[in-house]
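Just so you know, the sequences run in chain order A and B. Heads up: take any position in the first sequence, counting from 1, add 184, and you land on the working numbering. Heads up: take any position in the second sequence, counting from 1, add 184, and you land on the working numbering. Quick reminder that beta carbons are idealized off the backbone N, C-alpha and C, glycines included. The block underneath contains the structure these notes are about, expressed in structure tokens.
Number of protein chains: 2
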Amino acid sequence: MAQRSRRATIYDVAQAAGVSKSLVSLVLRGSPNVSQARRTAVLAAIEALDYRPSQAAATLAGGTSQTVGVVIDDYTNLWFVELLRGLQEGLGEAGLRIAVSDRTLNAHVQADPLEGFLSTRVEALVVATEPTETMRYPNQIPLVVAGNRQRQVPGSDLAASDDALGARLATEYLIALGHRHIGHISGGDGPSALRRQGYTQAMLAAGYEPHVITVMPQTTEEHGYRGAQRLFEEHPESTAVLAGNDSMAMGVLAAARDRGLLVPQDVSVIGYDNSPLSGTHLLRLTTVDSRNRDLGLQVAEQILSKLAEPDRAAQVIQLEPRLIERGSCHTPRTTL
Amino acid sequence: MAQRSRRATIYDVAQAAGVSKSLVSLVLRGSPNVSQARRTAVLAAIEALDYRPSQAAATLAGGTSQTVGVVIDDYTNLWFVELLRGLQEGLGEAGLRIAVSDRTLNAHVQADPLEGFLSTRVEALVVATEPTETMRYPNQIPLVVAGNRQRQVPGSDLAASDDALGARLATEYLIALGHRHIGHISGGDGPSALRRQGYTQAMLAAGYEPHVITVMPQTTEEHGYRGAQRLFEEHPESTAVLAGNDSMAMGVLAAARDRGLLVPQDVSVIGYDNSPLSGTHLLRLTTVDSRNRDLGLQVAEQILSKLAEPDRAAQVIQLEPRLIERGSCHTPRTTL
DNA sequence: CTGAAAGCGCTTACAG
DNA sequence: CTGAAAGCGCTTACAG
């Protein structure tokens, strides 16, 4: 039935439908200036020929790829999933496609995912990872950095959750619960630095001594585990721990268990990110929600506005995080 | 410095380097038939003009996109990550790019991710999700289905882990440990059906009664939790549980804990997938490794061979899984 | 080793 | 509402 022959082109469709190829193009792009009869004929021909327009030709001829590129750091670091959802929602109206790439996906053909996107002529770029100095940033298309990062990209928009505020909220929550010996396990990236700040501020404001254990360079369960071990050793009086994120919190839970401490009876634990993990029956982790979906919506808006007005000044948008109460916190066992 | 003007094209580079544009094309594609002096000049011009070749033009003119598309079901379902790594490794030599899309990413512009890939003129397609009947499968490019699925795609290659064998290995391991009351929590997808088979076989072979709890339609922690609750209620004599995958195993752990059962002392638990989750300090989950990276390597090979010889018959490749022993299993508390 | 020419499959004005 | 023409930025033979 289907021949392995040459692919159908717009010419074939035009011929089969008995119209010119411009007309086919109009139908494809949903123009209202096409008679019903011809539209039907074209659609039938498309179906019959199993025709699919060539994205390459459309991009080349139209001068626009209609896609925005998103660079993430790692598929296992799930915070980007909700961001993507928000982006998709926000970009829907405009009909922009989304393409995702992590650092390693095409490392065999291109050192830098940005290069690939730039060659693809994306309309805009979202950098949802720590920007590197080797990246050559485009200045001809909108670029928005998503999330709090250590490095700035001059001229780019920025959309991030207020990580300092989130950590402050979490710490104040523990303090309100009656805790005063609260430790913090922190990592080495952009959000970590801000969360550390928020934690420290809240502790000092309450007149308590902050205990920060910084584990470099990652923020995995393993790092959380090691950090918590150190905390429990150096500060056995700790009755609560704020972890740098949910993965690290999972490590904290493991360290507590291995030390014979019950959560939340002996020690309260708070995570950060409201990841799928935190909502499981096994963890029931109280955490901070960064509202990444809303973040994605904001990023979409920034892209759209910059596309409409390329000369507008760079924007910085900050979202307010909120605390999600679940089952990992309690009043301290012994109120001193 | 950088003008927001028109993008540099191959013409601009040729002119700046004082060569013809064919020569620039040769340099870009790494041809050896270019003198050192001219190559240097071209490279300098590319750098100076911040030139990036247009992927669209290259695809259109060259008649090949040099990319293979991978359809996954969901970014939160992490089994594809290792698959991607293997694919990347295997495709590296050939210089093929990888593009990933899940079902929802571009749902606002295209109902089906396949359509997008087909418009992009990918060289091959990897379907790492349950094929749907609405998908129009191409017959002109290699298609390989990765993982065990319920639906077949006629003419496509298949690469999967032997899920029945994996479940049998896990069950036999528990039996060897002395367990005879072993339950299985299963889901509703392709791998689930096979794992169920393997479990049942092993139980019957040992002369024990299989207890399967099937929770539809998903295979999440929540489903594992509910399934285990039912198992513990209906079969309180159970001393071991084989979960359909690691996420479900996590739910089993939670259900055991909520029932006051210790793992592994009171009940042994085995997962499936060897996901990042299973290796955490908190879970220390004994699990089955499907060797997804090797699977990716196999898929790459299938693609390459089909590209070289389009008429070769469809292949089915099955990999042997292996058991990963960690800390969630023990001999049964009371040997009956 | 290098250059001129044709063509890939579309979109976009521009006439009718 | 519809068609003929030019052109997008490359690659690929094909001559030299």
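Among the CB atoms of chain B, none fall inside 8 angstroms of the CB of residue 228 of chain A. With fewer than 16 other Cβ atoms inside 10 Å of its own Cβ, residue 417 of chain A counts as exposed. For residue 316 of chain B, the closest alpha carbon among the candidates B:255, B:233, B:192, B:397 is that of B:255. Around residue 482 of chain B, no beta-carbon contact reaches into chain A at under 9 angstroms, the shortest distance being about 17 angstroms. Judged by DSSP secondary structure, residue 407 of chain B falls within the alpha helix (DSSP H) whose first and last residues are 405-418.
In the structure shown, the three-state DSSP call for residue 281 of chain B is strand. Counting every other CB atom within 10 Å of its CB across the protein chains shown gives residue 258 of chain A a total below 16, marking it as exposed. With fewer than 16 other Cβ atoms inside 10 Å of its own Cβ, residue 421 of chain B counts as exposed. In this structure, DSSP gives residue 433 of chain B a helical state, which the three-state scheme calls helix. When secondary structure is reduced to three states using DSSP, residue 499 of chain B falls in the coil class, being assigned neither helix nor strand. In this structure residue 432 of chain A is not in contact with residue 366 of chain A, their Cβ atoms being roughly 15 angstroms apart against a cut-off of 8 angstroms. For residue 305 of chain B, the chain A residues whose Cβ falls inside 9 angstroms of its Cβ are 191, 236, 238, 239, 240, in order along the chain. Flagged as an interface residue toward chain B: residue 281 of chain A, by a C-beta distance shorter than 8 angstroms. Going by DSSP, residue 341 of chain A is part of the beta strand (DSSP E) stretching over 341-345. Distances from the CA of residue 356 of chain A to each of A:390, A:209, A:493, A:374 were compared; the closest alpha carbon is that of A:390.
For residue 299 of chain A, the closest Cβ of chain B is nearer than 8 angstroms.
In this model, residue 194 of chain B and residue 208 of chain B are separated by some 7 angstroms (Cα to Cα). Per DSSP, the beta-bridge partners of residue 426 of chain A are A:368, A:454. For residue 437 of chain A, the chain B residues whose C-beta falls within less than 8 angstroms of its own C-beta are 466, listed in chain order.
As computed with DSSP, residue 253 of chain A is found in a beta bridge with A:283, A:309.
Minimum Cα-Cα distance from residue 478 of chain B among the listed residues B:220, B:334, B:275 corresponds to B:275.
Scanning A:267, A:232, A:359 for the CA closest to the CA of residue 485 of chain A turns up A:267. Contact between the segment 486-495 of chain B and the segment 452-461 of chain B is absent, with fewer than three C-beta pairs closer than 8 angstroms.
Assigned with DSSP and collapsed to three states, residue 330 of chain A falls in strand. For residue 243 of chain B, the closest Cβ of chain A is nearer than 8 angstroms. A straight line joining the alpha-carbon of residue 505 of chain B with that of residue 497 of chain B spans about 25 angstroms. Three or more Cβ pairs drawn from the segment 394-413 of chain A and the segment 433-442 of chain A lie within less than 8 angstroms of each other, which places the two stretches in contact.
Contact with chain B is found for residue 249 of chain A, since one of that chain's Cβ atoms lies less than 8 angstroms from the residue's Cβ. Looking from the CA of residue 480 of chain A, the closest CA among A:463, A:503, A:236 belongs to A:503. Residue 219 of chain B and residue 283 of chain A have their alpha carbons spaced roughly 38 angstroms apart. The Cβ-Cβ distance between residue 452 of chain A and residue 361 of chain A falls below 8 angstroms. Shown here for residue 319 of chain B: same chain residues with a beta carbon closer than 7 angstroms to its own, the five before and five after excluded, namely 296, 298 in chain order.
The beta carbon of residue 405 of chain A lies closer than 6 angstroms to those of 431, 434, 435 in the same chain, with the five residues before and after it left out.
Ranking A:330, A:385, A:332, A:340 by CA distance to the CA of residue 324 of chain A puts A:340 first. Judged by DSSP secondary structure, residue 473 of chain A falls within the beta strand (DSSP E) whose first and last residues are 471-473. For residue 307 of chain A, the number of other beta carbons within 10 angstroms of its own is at least 16, and it is reported as buried.
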